[in-house]
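J.:
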């Protein structure tokens, strides 16, 4: 019978001395497979939507395993897999470049007051006069 | 309609699917990778579905009992499965090689059945086409991965599993009692022609894997006549255990 010495399962099951946890050797790099990001297309003509990732040694296996993970339920037309390392992205601390964007309502279609004009156009009679 | 010949063909195919589905399902929860575990289990479910569809055709068109009764109440010597599907899973290399060789054979059979004069079989063949294509794609991807893109150990394991599996795989094409009428009535192309097409397909698909198939091996026959390996009986006992508790239960 194992003595429960900690609520951290690593300590009890793997018998890691919690005081020495920092001294553990890091695992070698690429000890695990790479990851691939999966994009799912539900209908013909629809956008491929990012749905998650899979672990795989190469893209052929990634596509095979993605088929099962993300295409086994519901409707699927196509899948893309992209090596996670090929995704070029911004760093988290640069998200401040977007801080004032929500204020720029003039870039938002909803900000334009066209409703009155549309209504006026609809009510126009063929001879050009209004009701 | 030549009922006896159709039954003979359907029993052989369906029993192979049923028993291999059970073997494949034994990997559920133990697969080498989480994603592969799920994929292999899904393929097992598909195989079970094919067996059920074939049993249902025999029930509706050949006067046989319903699918559950046929699947779960027959004695060992009434089963028409090949020795190949009865063999224990062994390690994953053997299971993958069996999956590949069996699914290549299935692909040939069902592709031929699209042209069958037996309409329900032709319709079923058309319906499950995509599934079979995926099963074969899954199997071949692994053969190439472990044969050519893995390491020395993976190549050796796959090659040795291929040698072990080969006589049993060729045994899948053991002729039945009604070969001549199946061919004459346009029901099926016959085991001999199927084997020829299978050899070609296997050679083509294995090409990028660098794995080679053995030559001049005697096929293992017997299953189609009701003679089975010692592995079938324990499998049937386990598979039918719950059903036998109460055969009249509604599921």
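Residue numbers (our numbering), protein chains in the order written: chain A, 22 to 152; chain B, -8 to 242. Note that CB positions come from ideal geometry on N, CA and C, so glycine has one too. Source: prediction; values computed, not measured.
1) Starting from the beta carbon of residue 82 of chain A, find every residue of chain B whose beta carbon is closer than 7 Å, and list them in chain order.
2) Tell me, please, which residues DSSP counts as bridged to residue 61 of chain A.
3) Decide yes or no for the touch test of the stretch 147 to 165 of chain B against the stretch 118 to 130 of chain B: beta carbon pairs closer than 8 Å, at least 3 of them.
4) Taking the C-alpha atoms as reference points, what is the distance between residue 133 of chain B and residue 35 of chain B?
5) Could you spell out where the alpha helix (DSSP H) holding residue 225 of chain B opens and where it closes?
6) Per the DSSP calculation, residue 76 of chain A is bridged to which residue(s)?
7) Going by beta-carbon coordinates alone, are residue 3 of chain B and residue 73 of chain B separated by less than 9 Å?
8) Of the residues B/181, B/-5, B/162 and B/234, which one's Cα is nearest the Cα of residue 63 of chain B?
9) Please report how far the alpha carbon of residue 183 of chain B lies from the alpha carbon of residue 47 of chain B, in whole angstroms.
10) Can you pull the chain A neighbours of residue 27 of chain B, defined as C-beta to C-beta under 7 Å?
11) According to DSSP, is residue 145 of chain A part of a helix, a strand, or is it coil?
12) Flag this pair as touching only if the stretch 87 to 94 of chain B and the stretch 49 to 64 of chain B have three or more C-beta atom pairs under 8 Å; answer yes or no.
13) Between residue 55 of chain A and chain B, is the shortest Cβ-Cβ distance under 9 Å, so that the two count as touching?
14) Tell me whether residue 23 of chain B sits in a helix, a strand or coil according to DSSP, three-state version.
15) Under 6 Å Cβ to Cβ from residue -7 of chain B, same chain only, skipping five residues before and after it: list those, please.
16) Round the Cβ separation of residue 139 of chain B and residue 201 of chain B to the nearest angstrom and send it over; I've been treating them as touching at under 8 Å.
17) Under 8 Å Cβ to Cβ from residue 83 of chain B, same chain only, skipping five residues before and after it: list those, please.
18) Against residue 79 of chain A, what residues of chain B qualify as contacts under a CB-to-CB distance less than 9 Å, listed in chain order?
19) Specify, as a first and last residue, the run of the alpha helix (DSSP H) that residue 126 of chain B falls within.
20) Can you find a C-beta in chain B that's less than 9 Å from the C-beta of residue 58 of chain A?
21) Tell me whether the beta-carbon of residue 78 of chain B lies closer than 9 Å to the beta-carbon of residue 220 of chain B.
22) Would you say residue 62 of chain A and residue 69 of chain A are within 9 Å of each other, going by their C-beta atoms?
T.: With the structure as the only source:
1) 132 and 136
2) A/70 and A/100
3) no
4) 16 Å
5) 223 to 236
6) A/56
7) yes
8) B/234
9) 27 Å
10) 86
11) strand
12) Of all C-beta pairs linking the stretch 87 to 94 of chain B to the stretch 49 to 64 of chain B, fewer than three are shorter than 8 Å, placing the two stretches out of contact.
13) no
14) Residue 23 of chain B: coil per DSSP, three-state reduction.
15) 172 and 176
16) 5 Å
17) 18, 22 and 23
18) 136 and 140
19) 120 to 135
20) no
21) yes
22) In contact: residue 62 of chain A and residue 69 of chain A (Cβ atoms closer than 9 Å).
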